[in-house]
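**Student:** Residue numbers (our numbering): 17 to 273. The beta carbon of each residue, even a glycine, is placed where N, CA and C say it ideally should be.
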Amino acid sequence: MTGPTWFDTHCHLHDVEAEPGEVIARARAAGVTDIVTLGVDVPTSRRCTRLAAEFDGVWAGVAYHPSETQGWHHTWTADIEALAEEPRVVAIGESGLDYHWDTSFVDSQQRAFAAHIGMAKRLDKTLVIHTRDSIAEALEMLNRAGAPERLVFHCWTGSIEHLEEALGLGAYISFAGNVSYKKAPEIREAAKAVPADRLLVETDSPYLAPEPYRGKPNEPAYVVAVGEAVAVARDQAAEEVAAMSTANARTVFGLSP
Ligand SMILES: [Zn+2]
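So, in C-alpha cells, the structure goes:
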C-alpha cells in the first residue's frame, strides 16, 4: 500500500446488504486499514463482535442505539456488558439521544444513555455518542455524570459553541458523509475548527453516503471521500487528514499505534 491509509471509525457492517467480506475487501483496496462496526441492540452488537473476530482490522462497538431503548430497564445492560468482554470490542456505542425521530420515550433514552456512560467508565471502553436535535442535553448529561476518559461524538452536526464544550470534555469529533453535502456549510465550519489531534472520519455506512456517491448504499471504502471533503474544508492535504485522523482513531480506541 503506497497511498494514504484511512480508519473508518463508525459503520454498521451488520446492516450492509452485500457480503461483508467483499465490502471489507473493497475498503482494503481503497486504503482503509481499520473499521469500527457498531451495533444498535443486542443481536446486532453480537453480529458486530463476530465480524470483528472474523476479519482483521475490524473492531466492534456494542450498545443500544437511543431509538432502540423504548421501555428501558436497567437489567438491559447485562447483555451489553457481557458482549463488551468479547475480544476486539473497543467501544460502548452507538449510544446517545435522538430527539429527531421520536420523542415519546425521551425518559427511556436518557436512562439508557446514563447507563451506557456508566458502562464505558466501568469497563474502560470508548463511548461512541449519537445525538440528533439533542446535543445540549447529551453534553449536560455527560457533565453531570462525568465523561468517560475516551469519548467520540459521531457524525458531528453541532454548533461551534457545542463543539467547544465537547472538546472541553476531552471528546474526539467524527465527521461523516454529510460534511460533503452542498447545503451543510456549518458542518464544514466545524470540521475546520476541530484541533488536529481530535479529528476523526467515518462513513456511518450503509447510511449517509458522501458525494459523489450520495443516494447509493454507503460502505467503508467511501471514508476516503469523507476524508477528502474534510481536507478541503480544512484547506489541508488529504494525506495529512488521513495520517492524523488514523492516528487519532488508534488513540481514542486504545489500539497500538
Ligand atoms: Zn451509526
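1) Might you give, ordered along the chain, the residues of its own chain that have their beta carbon closer than 6 Å to the beta carbon of residue 257, omitting 5 neighbours on each side?
2) Under 7 Å: does the beta carbon of residue 110 sit that close to some heavy atom of ligand 1?
3) If you measure from the CB of residue 220, is any heavy atom of ligand 1 nearer than 7 Å?
4) I think residue 186 touches residue 206, with their Cβ atoms under 8 Å apart; what is that distance to the nearest whole Å?
5) Have a look at the DSSP bridge pairing and note the partners of residue 54.
6) Note down the Cα distance separating residue 68 from residue 195, rounded to an integer number of angstroms.
7) Is it right to say residue 236 is buried, meaning 16 or more other beta carbons lie within 10 angstroms of its own, or is it exposed?
8) Helix, strand or coil: which one does DSSP assign to residue 238?
9) Taking 8 Å as the cut-off, decide whether the C-beta atoms of residue 81 and residue 57 are in contact.
10) With residue 189 and residue 217 assumed to form a contact (beta carbons below 8 Å), what rounded beta-carbon distance in angstroms separates them?
11) Comparing the CB of residue 146 with every heavy atom of ligand 1, is any distance shorter than 7 Å?
12) Among 18, 19 and 25, which has the Cα closest to the Cα of residue 263?
13) For the region 41-51 against the region 92-111, do three or more pairs of beta-carbon atoms, one drawn from each stretch, fall closer than 8 Å, so that the two count as touching?
14) To the nearest whole angstrom, what separates the beta carbons of residue 22 and residue 55, a pair I think is in contact under 8 Å?
15) Does at least one heavy atom of ligand 1 sit under 7 Å from the Cβ of residue 54?
16) Shorter than 7 Å, the distance from the beta carbon of residue 116 to the closest heavy atom of ligand 3, or not?
17) Thinking C-alpha only, which one of 228, 213, 227 and 233 is nearest residue 221?
18) Do you know how far the Cα of residue 79 is from the Cα of residue 255?
19) If we ignore side chains and look at the alpha-carbon of each, how far apart do residue 20 and residue 241 end up?
20) Beta-carbon within less than 7 Å of residue 87's beta-carbon, same chain only, minus the 5 sequence neighbours each way: which residues are those?
21) Three-state secondary structure (DSSP) at residue 107?
22) What does a CB cutoff of less than 6 Å around residue 266 pick up in its chain, not counting 5 residues either side in sequence?
**Tutor:** Result, derived from the coordinates:
1) Within the sequence shown, numbered from 1, the residue matching residue 257 stands at position 241. Correct list, in chain order: 243, 246 and 247.
2) Your numbering for residue 110 matches position 94 in the sequence shown. Because some heavy atom of ligand 1 lies under 7 Å away, the Cβ of residue 110 counts as near it: yes.
3) Position 204 of the sequence shown holds residue 220. Yes; taking the cut-off as 7 Å, the Cβ of residue 220 has a heavy atom of ligand 1 nearer than that.
4) In the sequence shown, the residue the question calls residue 186 occupies position 170. In the sequence shown, the residue the question calls residue 206 occupies position 190. Their Cβ separation, rounded to whole angstroms, is 17 Å, which puts residue 186 and residue 206 out of contact at 8 Å.
5) Counting from 1 along the sequence shown, the entry for residue 54 is found at position 38. DSSP output for residue 54 lists 77 as bridge partner(s).
6) Taking the sequence shown and counting its residues from 1, one reaches residue 68 at position 52. Taking the sequence shown and counting its residues from 1, one reaches residue 195 at position 179. Each residue's alpha carbon lies about 27 Å from the other.
7) Translated into the one-based positions of the sequence shown, residue 236 becomes position 220. When all chains shown are included, residue 236 counts as buried.
8) As a working mapping, residue 238 is identified with position 222 in the sequence shown. Helix, per DSSP.
9) Along the sequence shown, one-based indexing puts residue 81 at 65. Along the sequence shown, one-based indexing puts residue 57 at 41. Cβ atoms of residue 81 and residue 57: closer than 8 Å.
10) Stepping through the sequence shown from its first residue, residue 189 is reached at position 173. Stepping through the sequence shown from its first residue, residue 217 is reached at position 201. Not really, about 10 Å apart at Cβ, beyond 8 Å.
11) Residue numbering aside, residue 146 sits at position 130 when the sequence shown is read from its first letter. For ligand 1, at least one heavy atom lies less than 7 Å from the Cβ of residue 146.
12) In the sequence shown, counting from the first residue as 1, residue 263 sits at position 247. Taking only the C-alpha atoms, the option nearest residue 263 is 25.
13) no
14) The residue labelled residue 22 in the question sits at position 6 within the sequence shown. The residue labelled residue 55 in the question sits at position 39 within the sequence shown. About 22 Å separates the two Cβ atoms, so there is no contact after all.
15) By 1-based counting over the sequence shown, the position of residue 54 is 38. The answer is yes for residue 54.
16) No copy of ligand 3 occurs in the structure displayed; its ligands are ligand 1 alone.
17) Within the sequence shown, residue 221 is the residue found at index 205, counting from 1. Closest in C-alpha terms to residue 221, from the list 228, 213, 227 and 233, comes 233.
18) By one-based count along the sequence shown, residue 255 stands at place 239. By one-based count along the sequence shown, residue 79 stands at place 63. So the alpha carbons of these two residues sit roughly 32 Å apart.
19) To locate residue 20, count along the sequence shown from 1; it is residue 4. To locate residue 241, count along the sequence shown from 1; it is residue 225. Using only the alpha carbons, I get a separation of about 12 Å.
20) By one-based count along the sequence shown, residue 87 stands at place 71. Here the set comprises 124.
21) Mapped onto the sequence shown, residue 107 falls at position 91. Looking at residue 107 - three-state DSSP - the assignment turns out to be strand.
22) One-based indexing of the sequence shown puts residue 266 at position 250. So the qualifying residues of the chain are 273.
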